[in-house]
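Protein chains in written order, with our numbering: chain C, 513 to 799; chain F, 513 to 799. Single-structure report; data block below.
There are 2 protein chains.
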Amino acid sequence: MAPRFERVAIAGVGLIGGSLALAARRAGIFGEVIGCARRSETLAEARQRGIIDRGSSDPLEAARGADLLVLAVPVRAIVSLGRQCLPALAPGAIITDAGSVKGEIVRELDSLVTRGRSFVGAHPIAGTEEQGPAAADPNLFANQLCIVTPSALTDAHAADRIQALWEAVGMRVERMSPERHDAVLAAVSHLPHVVAFALVNAITAAGSELPRYSGGSLRDATRVASSSVEMWRDILLSNSAAIDEALAGFSSELQRLREVIRRGDESELERLLAHGHEARCTWGRSA
Amino acid sequence: MAPRFERVAIAGVGLIGGSLALAARRAGIFGEVIGCARRSETLAEARQRGIIDRGSSDPLEAARGADLLVLAVPVRAIVSLGRQCLPALAPGAIITDAGSVKGEIVRELDSLVTRGRSFVGAHPIAGTEEQGPAAADPNLFANQLCIVTPSALTDAHAADRIQALWEAVGMRVERMSPERHDAVLAAVSHLPHVVAFALVNAITAAGSELPRYSGGSLRDATRVASSSVEMWRDILLSNSAAIDEALAGFSSELQRLREVIRRGDESELERLLAHGHEARCTWGRSA
C-alpha cells in the first residue's frame, strides 16, 4: 500500500531528489515539499519546475516538522547533513537517502538516529550523467531497481514504508545488506565509471584530435565520464576498498587479453572474446 | 560527382557490405550487384532484402567481370579473398575493402594488384554490434566518417572514385596513411572494445548475478562486447602492436586513478576526474 508523507524535506533537488519529488507528488503520496540547496538559484529553479513548494538554504529550517527527510546529496555530505537536520524533524520521522555507497552512511546514521526517529538507507539505481533540477524527470525511476539496505538496527516498519515509497514511484525494490550493496555496486557501477574516466584521460593524452575519429564504441564506453565530478569523487573515496578489489579483477582480465593479443594466440583470444560475447548477449536479454 | 559502377561484386553481405549495397543502389550508382558469402542461406536472405541481384559461394564466380569488388569480410580474410578474386575482375576494375585495420591489408594488396586494376583501402566508421544481412541499413553511413587510406602505390583516380563512392552514400571522407589510421583506430575503437570484453569477463568472474544490478554505466560500457567474435579476433591480431601501445596508455591512467583512490587523495582524484569530465563534455559537443 502506498505510504503518505505530509511534510517532506528534500536535501538536494537535482536529478534524484527532484525526480523523486515530481514522481511522488504525481502519485499523491507527498504533501508539502520543502527543498534544501546551497544556492538560491537552484531552489528557484526547483520551485519553478514544480519540484518543491518552498525552499531554504538552511537545512534546519528546511527540515522543521518534516515527517520524511530525503538526503539526495553527494555521498560524503549525507551523514553531516542528516546529523544537522535531525533535531528539527517531527517525532517518528523517517530519514532516508539515495546515496550510491551505503556501508559508511548506514553505520554512521544508525548511531545518530534516536528518539523515535528512524533511518533507512536506499539506493535507487536510476542516475544518468545529467545534473540539477532541469534534469529531474518523474519517469526516471519507472521499472528501475532500488536497493534498500536495512541493518540490524533498522526499524522494520520504517523500512517497509521506504520500500513502499520507491515502489510507488515505479521501482522494483530489493533488499541487501549495506556491505553486500557496496561490493555489488563497486563491480557493476563504480568500476565502469573509473574505466570511463581512465579511457577519456588516456585518449586525451594520446592526442586531442583523436575523439573526432571515434565511432559508437568510445562514445558509449566514456559516456558516464561526463557525470558530476563532486558526486563521483565522493563515491570513489567512500567505497575505496570494494572498488580496489573490482579494479584488481578488471586489471587482471585486461592484462590477460593484452598478453594473448601480444603473443598472437588466436585460439585463446577467440575463447576469451567468445566468453565475453556470450555473457554480454545474455545480459542483453535479461536487462 | 557520383561515380557509377556497372557490375559490383560484394564479398560479405552483412552489416557493412549489405548496407553499402542498399545505400548505393538507392543512390543509383550501382548496376548489377553480385554477392559472395559462404552460406547459401546468407545469400538467400541478402537477395530477399534487395541487397544483391544474385549470389555465389564461389568468389571467382561472384567476381567475374565486375568493375568494382568490395571486400566486406573480417579483416584477416580480406587479402586472401582479394587474391582469389583478382583474375576474374574486368580490366580497370577497382578493389576496395571496409576493414578496420589497414596497414597489413594495404601492403599486401598493393603488391598483388597489377594489370590495370587498382586497390584502394577504406574504412567506413559506422559499424554497430549487429551482424548479418538482417542488420543492413541504407542509412547506416549517413553523416558518419570514412577514412580512405591511399599508399604511395595507390592510383589517384581510383582513390578519387572510392572517395566519391562513400560520399555518395552519405559519408564524410578523410584521407590518412594506413599506419596513421591503425594508430588512431587502436586508440578510439580497438581499445574500447578490448576494455568492454575485459569488463564483461571481470564482472562474470565476480558473480553471475551481478549484471542484474547494473544501471546504464555497465550496459553502455560493455555494449560492444556483443560484437562478432570472429571479426574482433581478426582486428585485434592484425593491429596488435598499435593496440598494445593504446593498452599501455590506458593501463597507466587506470593505475593512476586506482592509486589515488586507494590512498584517498581527494584533491588529486578530483583533478583527474575533472580532467576526464571536461574532455568528455567537449567531445559531446563536437561529436
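Note that the Cβ used here is the ideal one computed from N, Cα and C, for glycine as well. Given the structure is predicted, the values throughout are model-derived calculations rather than measurements.
Under the three-state DSSP convention, the category residue i falls into
i	result
L766 (chain C)	helix
G719 (chain F)	coil
P650 (chain F)	coil
I528 (chain F)	helix
G540 (chain F)	coil
E518 (chain F)	strand
A602 (chain F)	coil
P571 (chain F)	helix
A708 (chain F)	helix
V632 (chain F)	strand
A799 (chain F)	Below a pLDDT of 50, predicted positions are generally treated as unreliable, and A799 (chain F), at 45, falls in that range; the measurement from the model is reported next regardless. Three-state result, A799 (chain F): coil.
L759 (chain F)	helix
V587 (chain F)	helix
G682 (chain F)	coil
T608 (chain F)	strand
G547 (chain C)	strand
V700 (chain F)	helix
L581 (chain F)	strand
V618 (chain F)	helix
R745 (chain C)	helix
Option in the options with minimal Cα separation from residue i
i	options	result
P603 (chain C)	C:A575, C:W795, C:C658 and C:H693	C:A575
A521 (chain F)	F:P515, F:F542 and F:R745	F:F542
G633 (chain C)	C:A668, C:T716, C:S552 and C:A737	C:A668
W678 (chain C)	C:S623, C:G529 and C:A523	C:G529
G682 (chain F)	F:V525, F:G526 and F:R538	F:R538
G776 (chain F)	C:P662, C:S764, C:R745 and C:A710	C:R745
L652 (chain F)	F:L665, F:P636 and F:P662	F:P636
R687 (chain F)	F:A699, F:L703 and F:A664	F:A664
L759 (chain F)	F:A600, F:H693 and F:A699	F:A699
S689 (chain F)	F:A680, F:V660, F:P650 and F:E544	F:V660
E757 (chain F)	C:I773, C:R561, C:R551 and C:S569	C:I773
L580 (chain F)	F:E616, F:R551, F:I674 and F:G639	F:I674
Chain C within 8 Å of residue i, Cβ atoms only
i	result
V741 (chain F)	yes
H705 (chain F)	yes
G728 (chain F)	yes
N651 (chain F)	no
P723 (chain F)	yes
G788 (chain F)	yes
R692 (chain F)	no
S701 (chain F)	yes
I541 (chain F)	no
Where residue i meets chain F, residues with beta-carbon distance less than 7 Å
i	result
G776 (chain C)	L749 and S752
N655 (chain C)	By Cβ distance, chain F contributes nothing, its closest Cβ being about 12 Å from N655 (chain C), past 7 Å.
I606 (chain C)	Residues of chain F passing the Cβ test: none, with the nearest at roughly 24 Å.
Cβ-heavy atom distance, residue i to the ligand NAP, below 7 Å
i	result
L749 (chain F)	The model on display carries no ligand, and the ligand NAP is accordingly not part of it.
CB-CB length for residue i against residue j, believed under 8 Å
i	j	result
S701 (chain C)	G727 (chain F)	6 Å
T734 (chain F)	V712 (chain F)	5 Å
I606 (chain C)	G594 (chain C)	Between G594 (chain C) and I606 (chain C) the Cβ distance is about 12 Å, and since that is not below 8 Å, they are no contact.
A514 (chain F)	I563 (chain F)	That belief does not hold up - the Cβ atoms of A514 (chain F) and I563 (chain F) are roughly 20 Å apart, past 8 Å.
V741 (chain C)	L785 (chain F)	5 Å
G577 (chain C)	R519 (chain C)	6 Å
G526 (chain C)	G644 (chain C)	5 Å
S612 (chain C)	V587 (chain C)	6 Å
A714 (chain F)	E765 (chain C)	4 Å
E557 (chain C)	A646 (chain C)	7 Å
A737 (chain F)	A708 (chain F)	4 Å
Residue-chain proximity (residue i, chain F), Cβ-Cβ < 8 Å
i	result
A634 (chain C)	no
F709 (chain C)	yes
H669 (chain C)	no
S689 (chain C)	no
W678 (chain C)	no
T640 (chain C)	yes
I617 (chain C)	no
E780 (chain C)	no
G567 (chain C)	no
L766 (chain C)	yes
I528 (chain C)	no
D609 (chain C)	no
Beta-carbon neighbours of residue i, restricted to chain C and to distances below 9 Å
i	result
V736 (chain F)	G728, S729, D732, A733 and R792
A756 (chain F)	A quick correction: the sequence has Asp, not Ala, at residue 756 (chain F). What D756 (chain F) touches in chain C: R770, I773 and R774.
Neighbour list for residue i in chain C, Cβ cutoff strictly below 8 Å
i	result
W744 (chain F)	L785
I590 (chain F)	The contacting residues do not exist; I590 (chain F) stays about 16 Å from chain C at best.
Under 7 Å from the C-beta of residue i: neighbouring residues of chain C
i	result
L769 (chain F)	V706, F709 and A710
V696 (chain F)	L722 and Y725
I564 (chain F)	None at all; the shortest Cβ gap to chain C is about 26 Å.
Cross-chain neighbours of residue i in chain F, by beta carbon under 8 Å
i	result
G761 (chain C)	A714, A717 and A718
A646 (chain C)	Those within 8 Å of A646 (chain C) in chain F number zero; the least Cβ separation is about 16 Å.
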